[in-house]
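**Q** One structure, as structure tokens, below. Some questions next.
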Amino acid sequence: MARKVLILLFFGLGLYYVFFFETIDSSLKMVFKLLPMILLIALALLTKVHVKSPYYWLISIGLIFCAVGDYTLQWFIVGLSFFLIGHIFYIFAFRSTNQQNTPLYVKITLALYGAVMMFWIAGSLLQKGDTVLAIAVTAYILVILTMGWTSFRTGSKFAVIGATLFIMSDSVLAINRFMFDVAYSHILIMFTYYGAQFFLMLSIIDYDRLR
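For the sequence shown, position 162 matches number 162 in this note's numbering, and the numbering has no gaps at all.
Rendered as structure tokens:
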């Protein structure tokens, strides 16, 4: 019962923040941004599993670091660092399953996509003389694509969907922040972001089922 209530609250608050962002008082915007993530962390910790495996803890800790990243993203490099650490926890979680190999077409697609994004965005930052940010963005791209890569090893459709949505969300965020304004960027970024974290939380259940 408690889990169903938390899920309803997550969807209600998440959709409100995504689609009615402009109506929220500026002093409360951060609160509304963080509440869905806090609910997801609670959902992850309340998930009933046969054994609280390393996967369970690694995904839960990753969610916590991403929630801190949500708050600290107002100081971009700091927030980026917390998200990067969160992704590293996700990578370790996915690697701990080692169910299957990542398909070759996925490896090629992610490698090409990463090369294009690094050349385009990091290259643009280097041209502007922002070397530190260019290095940080490059490191982040490598880590999040590794997260996407390893998600396919889990055998969990939820992990793959979550990782894919996360890559989509951060791609729009990066393009909107560094290259050009993206129409409906807030909706695109936050809808895919909350979706990503929700599916990653669900992958805990999938992991337990696959065992």
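Where is the CB? At the ideal position from N, CA and C, for every residue including glycine.
What are the complete beta strand (DSSP E) segments, minimum 3 residues, inside the stretch 54 to 103?
**A** The qualifying runs do not exist here; there are none.
**Q** Below 7 angstroms, is the gap between the Cβ of M201 and the nearest heavy atom of the ligand ATP?
**A** Absence of the ligand ATP is noted for the structure shown, with no ligands found whatsoever.
**Q** So W149 is in the alpha helix (DSSP H); what residue range does that whole segment cover?
**A** Position 149 of the sequence shown, counting from 1, holds the residue named residue 149. Its alpha helix (DSSP H) spans residues T131 to S151.
**Q** Can you name the start and end residues of the alpha helix (DSSP H) that V31 belongs to?
**A** Against the sequence shown, residue 31 aligns to sequence position 31. K29 to L46 is the extent of the alpha helix (DSSP H) around V31.
**Q** Could you tell me how far apart the beta carbons of I187 and V31 are, in whole angstroms, since I believe they sit closer than 8 angstroms?
**A** Start at 1 with the first residue of the sequence shown, and residue 187 comes out as number 187. Start at 1 with the first residue of the sequence shown, and residue 31 comes out as number 31. Not confirmed; about 19 angstroms, so no contact.
**Q** For S151, count neighbouring Cβ atoms within 10 angstroms of its own Cβ and tell me buried if that reaches 16, exposed if not.
**A** Walking along the sequence shown from the start, residue 151 turns up at place 151. S151 comes out buried.
**Q** For Y184, name the three-state secondary structure that DSSP assigns.
**A** Sequence index remark: in the sequence shown, residue 184 carries index 184 (1-based). In the structure shown, Y184 sits in coil (DSSP, three-state: anything other than H, G, I, E or B).
**Q** Just to confirm, is the Cβ distance from Y194 to G14 under 8 angstroms?
**A** As a working mapping, residue 194 is identified with position 194 in the sequence shown. As a working mapping, residue 14 is identified with position 14 in the sequence shown. For Y194 and G14, yes; Cβs fall inside 8 angstroms.
**Q** Please say whether A42 and G62 have beta carbons closer to each other than 8 angstroms?
**A** For the purposes of this step, residue 62 is identified with residue 62 of the sequence shown, where counting begins at 1. For the purposes of this step, residue 42 is identified with residue 42 of the sequence shown, where counting begins at 1. No, Cβ-Cβ distance for G62 and A42 is not below 8 angstroms.
**Q** Going by DSSP, what residue range makes up the alpha helix (DSSP H) through M118?
**A** For this step, residue 118 is matched to residue 118 along the sequence shown. No alpha helix (DSSP H) holds M118; DSSP gives it neither H nor E.
**Q** Between F65 and F82, which are expected to be in contact by the criterion C-beta below 8 angstroms, what is the C-beta distance as a whole number of angstroms?
**A** Taking the sequence shown and counting its residues from 1, the one referred to as residue 65 is at position 65. Taking the sequence shown and counting its residues from 1, the one referred to as residue 82 is at position 82. Right, the Cβ-Cβ distance comes to about 5 angstroms (below 8 angstroms), so this counts as a contact.
**Q** Roughly how many angstroms lie between the CA atoms of G162 and A2, to the nearest whole one?
**A** Numbered from 1 along the sequence shown, position 162 holds the residue referred to as residue 162. Numbered from 1 along the sequence shown, position 2 holds the residue referred to as residue 2. Distance between the alpha carbons of G162 and A2 is about 23 angstroms.
**Q** Please state the DSSP three-state secondary structure of T164.
**A** To locate residue 164, count along the sequence shown from 1; it is residue 164. Note: T164 maps to helix in three-state DSSP.
**Q** For I38, tell me which candidate among L9, E22, L58 and I167 has the shortest Cα-Cα distance.
**A** Within the sequence shown, residue 38 is the residue found at index 38, counting from 1. Nearest option by C-alpha distance: L9.
**Q** If we count Cβ pairs, one from each stretch, closer than 8 angstroms, do we get three or more for the stretch 93 to 103 versus the stretch 44 to 58?
**A** Output reads yes: the stretch 44 to 58 touches the stretch 93 to 103.
**Q** If you compare alpha carbons, which of Y207, M117, Q197 and I121 is closest to F11?
**A** Taking the first residue of the sequence shown as position 1, residue 11 is located at position 11. Closest by alpha carbon: Q197.
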